[in-house]
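The C-terminal residue of the sequence shown carries number 293 in this note's numbering, and the numbering is unbroken.
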Amino acid sequence: MKYALVTGGSRGIGKAIAMKLAADLEYHILLNYHSNTEAAEETAKLIEDLGVNCELLKFDVANPEATKKAIENWQISNPDAVVEVLVNNAGITKDGLFMWMGEEDWSSVINTSLNGFYNVTQQFVKGMLQKRYGRIINIVSLSGVKGNPGQVNYSAAKGAVISATKALAQEIGKRKVTVNAVAPGFITSDMTADFDEKTLKKMIPMQRFGDAEEVADLVSFLASKKASYITGEVININGGLYS
Ligand code: NDP
Numbered sequence: 051m052k053y054a055l056v057t058g059g060s061r062g063i064g065k066a067i068a069m070k071l072a073a074d075l076e077y078h079i080l081l082n083y084h085s086n087t088e089a090a091e092e093t094a095k096l097i098e099d100l101g102v103n104c105e106l107l108k109f110d111v112a113n114p115e116a117t118k119k120a121i122e123n124w125q126i127s128n129p130d131a132v133v134e135v136l137v138n139n140a141g142i143t144k145d146g147l148f149m150w151m152g153e154e155d156w157s158s159v160i161n162t163s164l165n166g167f168y169n170v171t172q173q174f175v176k177g178m179l180q181k182r183y184g185r186i187i188n189i190v191s192l193s194g195v196k197g198n199p200g201q202v203n204y205s206a207a208k209g210a211v212i213s214a215t216k217a218l219a220q221e222i223g224k225r226k227v228t229v230n231a232v233a234p235g236f237i238t239s240d241m242t243a244d245f246d247e248k249t250l251k252k253m254i255p256m257q258r259f260g261d262a263e264e265v266a267d268l269v270s271f272l273a274s275k276k277a278s279y280i281t282g283e284v285i286n287i288n289g290g291l292y293s
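Set out below in structure tokens:
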């Protein structure tokens with residue numbers, strides 16, 4: 051049984067990615083989320099309506115022990131399951147000027163995006179290397195590419211995941227496991243719900259926020275066999291805001 055795992059798959063971009071992978075590729079979906087069980091169950095139902103098996107896996111990607119335990123227990127109950135596609139999507143923001151940024155706002159953002167990448171990817175990379183096949187896709191951000199004032203914590207976390215993507219791609223490319231990053235600009239989701247879209251969209255050459263589905267289309271391509279010679283890349287998807 052082949053699976054695609056999407057972290058933070060209950061809402062927003064992760065939800066769109068999980069649905070797209072279910073629709074486009076022949077994978078069962080393993081849907082991780084943190085706390086919003088109602089949203090996760092709704093998403094799982096939408097995926098099952100597509101005729102694809104979807105299993106929920108609740109854990110905090112920032113917590114190494116909880117992540118390891120949840121994945122190990124799932125693997126014990128599903129001994130024949132192989133995770134071929136891993137999308138590290140879970141992420142949070144705690145914005146504010148650096149001079150006022152408390153330790154918790156710094157470390158929670160780093161722990162979720164950067165340590166989350168480590169905690170989850172560690173659980174699957176050996177299996178992918180043994181099978182000599184795998185797709186690891188990290189959802190980063192324009193903030194991690196260019197740095198964004200008011201988001202020093204988030205820019206640092208996403209920038210570090212970009213570097214990790216490039217380094218890991220070089221380590222494991224010979225075993226046919228690809229590692230890529232997708233860097234969205236402004237995308238409509240709960241994360242950007244409070245943003246002043248009317249003002250911000252004037253800065254974007256395409257004059258609009260992107261949709262989660264547009265990010266999902268790119269991820270689906272990178273997760274497919276068609277993307278077999280793309281690795282170590284950071285692909286921007288931002289309506290021309292920065293490239
Ligand atoms: P949302 O806030 O809409 O959704 C976040 C998702 O991540 C939810 O499913 C949430 O689960 C999950 N999550 C949060 N923390 C954890 C955790 N510790 N462990 C497991 N799951 C967690 O965010 P978006 O969909 O907008 O963002 C998705 C990714 O895209 C993030 O990495 C974000 O940084 C990145 N991104 C977003 C952009 C945007 O404009 N929206 C732009 C650039 C990058 P639950 O429902 O349980 O809370």
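A virtual CB, placed ideally from N, CA and C, is assigned to each residue, including glycine. Because the structure is a prediction, the values reported are computed rather than measured.
Within a 10 Å sphere around the beta-carbon of R185 sit 16 or more other beta-carbons, which makes this residue buried.
Assignment of K108 by DSSP, reduced to helix, strand and coil, places it in the strand class.
L179 and A206 have their C-alpha atoms roughly 29 Å apart. If you compare the alpha carbons of N123, V202, G289 with that of S158, the shortest gap goes to V202. The ligand NDP has no heavy atom closer than 7 Å to the beta-carbon of T249.
Here L100 is exposed: its Cβ has fewer than 16 other Cβ atoms, across all protein chains shown, within 10 Å. Apart from the 5 residues on each side of it in sequence, L136 sits with its Cβ closer than 6 Å to the Cβ of L55, F174, I186 in its chain, given in chain order. A residue is called buried when at least 16 other Cβ atoms come within 10 angstroms of its Cβ; L147 does not meet this threshold and is exposed. Per DSSP, reduced to three states, the secondary structure at L147 is coil, with no helix or strand assignment. Contact between V211 and L164 holds: their C-beta atoms lie close to 6 Å from each other, under 8 Å.
Note on geometry: alpha-carbon atoms of S278 and A231 lie some 15 Å from one another. Judged by pairs of C-beta atoms under 8 Å, the region 56-65 touches the region 83-93, as three or more such pairs exist.
Non-local beta-carbon contacts of A68 in its own chain, meaning distances under 7 Å to residues more than five positions away in sequence, involve V56, G59, I79, L81, T93, I97 in chain order. The C-alpha of I285 is placed about 6 Å away from the C-alpha of A233.
A distance below 8 Å separates the beta carbons of T162 and I142. Taking the Cβ atoms as the reference, V229 lies roughly 22 Å from I237, outside the contact range of under 8 Å.
Boundaries for K275: no alpha helix (DSSP H) harbours it, and the DSSP string shows neither H nor E there. In the three-state reduction of the DSSP assignment, G64 falls in the helix class, which pools H, G and I.
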